[in-house]
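Peer 1: Right, I'll just put the structure down here and ask away after.
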Amino acid sequence: MGRPLTGRLVIATHNSGKLAEMRGLLEHYGVDAVSAAELGLPDPEETGSTFAENSEIKARAAAKAAGLPALADDSGLCVAALNGDPGIYSARWAGAGRDFGVAIKRIETALKEAGAQAPFKAHFVCVLTLAFPDGEIHSFEGKVFGALAFPPRGEHNFGYDPIFTPETFTRTFAEMSAQEKHGIPADGSPGLSHRARAFQAFAGACLSAQGDD
């Protein structure tokens with residue numbers, strides 16, 4: 727079990743898409759969430775070699791700077807035919823302007839150069855790390871497996887969502903509503919997205935829904 731979380735929480739991100747997803751997941755828990763960007767906190771250099779290491783770096787930096795508990799997300803797309811790339815460099819493949827259209831074209835070009843044949847197996851990984859100002863941390867991982875689809879499809883254009891089709895589905899993440907992508911089923915089974923699955927583990931260990939004893 728993780729340490730129970732109450733009161734204000736810093737979401738250690740400057741990414742508006744991630745912030746919106748995390749706030750949507752947190753809305754049932756009565757958590758007062760503020761982003762690192764809103765607090766004017768700098769983005770720390772991500773020097774880790776794994777999602778878990780980079781998530782911890784971001785969470786620790788935000789918790790120390792704000793003097794509040796901080797939740798950081800490190801996530802990315804791992805493509806089997808590209809030896810797991812872009813992986814922890816998923817955001818960096820989009821360049822300084824975070825243009826994921828460029829990153830998607832880069833993946834498609836790399837697959838062609840590698841001589842890869844469809845289905846292009848891939849999976850998303852998300853590691854959430856909760857850090858407290860006293861140095862205590864807890865990390866939670868979620869994964870979702872599927873395949874890449876070209877050309878990109880869908881209007882909910884966030885990151886690599888327009889090319890990722892989860893297993894047993896024919897639609898990309900970008901063709902799904904936020905509720906379908908992130909919603910936690912009433913029966914308690916895992917949510918669909920990697921972030922929802924990591925969040926479900928985090929919530930079970932550290933949060934209580936509004937109205938719970």
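In my numbering, the protein residues as written are 727 to 939.
We treat Cβ as the ideally placed atom computed from N, Cα and C, and that holds for glycine.
As the structure is a prediction and not an experimental result, all values here were calculated from the model.
Quick one: what's got a C-beta closer than 6 Å to ARG749's C-beta in the same chain, skipping five residues either side?
Peer 2: As a working mapping, residue 749 is identified with position 23 in the sequence shown. Answer for ARG749: ALA759, listed in chain order.
Peer 1: Can you give, in chain order, each stretch of the beta strand (DSSP E) that sits fully within the stretch 833-905 and has at least 3 residues?
Peer 2: 846-857, 863-874 and 890-892
Peer 1: To the nearest angstrom, report how far apart ASN741 and SER919 are at their CA atoms.
Peer 2: Here the question's residue 741 lines up with position 15 in the sequence shown. Here the question's residue 919 lines up with position 193 in the sequence shown. Computed Cα separation, rounded: 18 Å.
Peer 1: Within this structure, are the beta carbons of ILE889 and GLU782 separated by less than 8 Å?
Peer 2: In the sequence shown, the residue the question calls residue 889 occupies position 163. In the sequence shown, the residue the question calls residue 782 occupies position 56. ILE889 is not a Cβ neighbour of GLU782, given a cutoff of 8 Å.
Peer 1: Taking just the CA atoms, how far does GLY841 sit from ALA857?
Peer 2: As a working note, residue 857 is residue 131 in the sequence shown. As a working note, residue 841 is residue 115 in the sequence shown. Approximately 43 Å, taken between the alpha carbons.
Peer 1: Quick one: Cα of ASP941 to Cα of LEU745, how far?
Peer 2: Here the chain has residues from 727 to 939 only, and residue 941 is not among them.
Peer 1: Taking contact to mean at least 3 C-beta pairs separated by less than 8 Å, is the stretch 771-786 in contact with the stretch 821-837?
Peer 2: no
Peer 1: Could you give the DSSP three-state label for ARG734: helix, strand or coil?
Peer 2: Here residue 734 is taken as the residue at index 8 of the sequence shown, counted from 1. It is a strand residue.
Peer 1: Restricting to Cα atoms, I'd like to know which of HIS908, ALA789 and CYS852 is closest to ARG734.
Peer 2: Along the sequence shown, read from residue 1 onward, the residue named residue 734 stands at position 8. Nearest Cα to ARG734 within the set HIS908, ALA789 and CYS852: ALA789.
Peer 1: Identify whether GLY802 lies in helix, strand or coil by the three-state DSSP scheme.
Peer 2: Start at 1 with the first residue of the sequence shown, and residue 802 comes out as number 76. When DSSP states are grouped into helix, strand and coil, GLY802 belongs to the strand group.
Peer 1: Could you spell out where the beta strand (DSSP E) holding SER761 opens and where it closes?
Peer 2: Taking the first residue of the sequence shown as position 1, residue 761 is located at position 35. 758-761 is the span of the beta strand (DSSP E), which, as asked, contains SER761.
Peer 1: Can ALA848 and GLY872 be called in contact, C-beta distance under 8 Å?
Peer 2: Here residue 848 refers to the residue found at position 122 of the sequence shown. Here residue 872 refers to the residue found at position 146 of the sequence shown. In this structure, GLY872 lies closer than 8 Å to ALA848 by Cβ.
Peer 1: Are the Cβ atoms of PHE876 and GLY743 separated by less than 8 Å?
Peer 2: Counted from its first residue, the sequence shown places residue 876 at position 150. Counted from its first residue, the sequence shown places residue 743 at position 17. Cβ distance not < 8 Å, so PHE876 and GLY743 don't count as in contact.
Peer 1: Are the CB atoms of THR898 and ASP887 within a distance shorter than 8 Å?
Peer 2: Within the sequence shown, residue 887 is the residue found at index 161, counting from 1. Within the sequence shown, residue 898 is the residue found at index 172, counting from 1. Going by C-beta atoms, ASP887 is nearer than 8 Å to THR898.
Peer 1: Expressed to the nearest angstrom, what Euclidean distance is found between the alpha-carbon atoms of GLU764 and ALA844?
Peer 2: Residue 764 sits at position 38 when you count from the first residue of the sequence shown. Residue 844 sits at position 118 when you count from the first residue of the sequence shown. Near 42 Å, if we compare the C-alpha coordinates of ALA844 and GLU764.
Peer 1: Could you check whether GLY802 and VAL851 sit closer than 8 Å to each other, using their CB atoms as the reference points?
Peer 2: Start at 1 with the first residue of the sequence shown, and residue 851 comes out as number 125. Start at 1 with the first residue of the sequence shown, and residue 802 comes out as number 76. The answer is yes: Cβ separation under 8 Å.
Peer 1: Looking at the strands, I want to know which residues DSSP matches up with PRO812.
Peer 2: Within the sequence shown, the letter at position 86 stands for residue 812. According to DSSP, PRO812 bridges with CYS804.
Peer 1: Using the Cα positions of SER963 and GLU747, report the straight-line distance between them to the nearest angstrom.
Peer 2: With the chain covering only 727 through 939, there is no way to say anything about residue 963.
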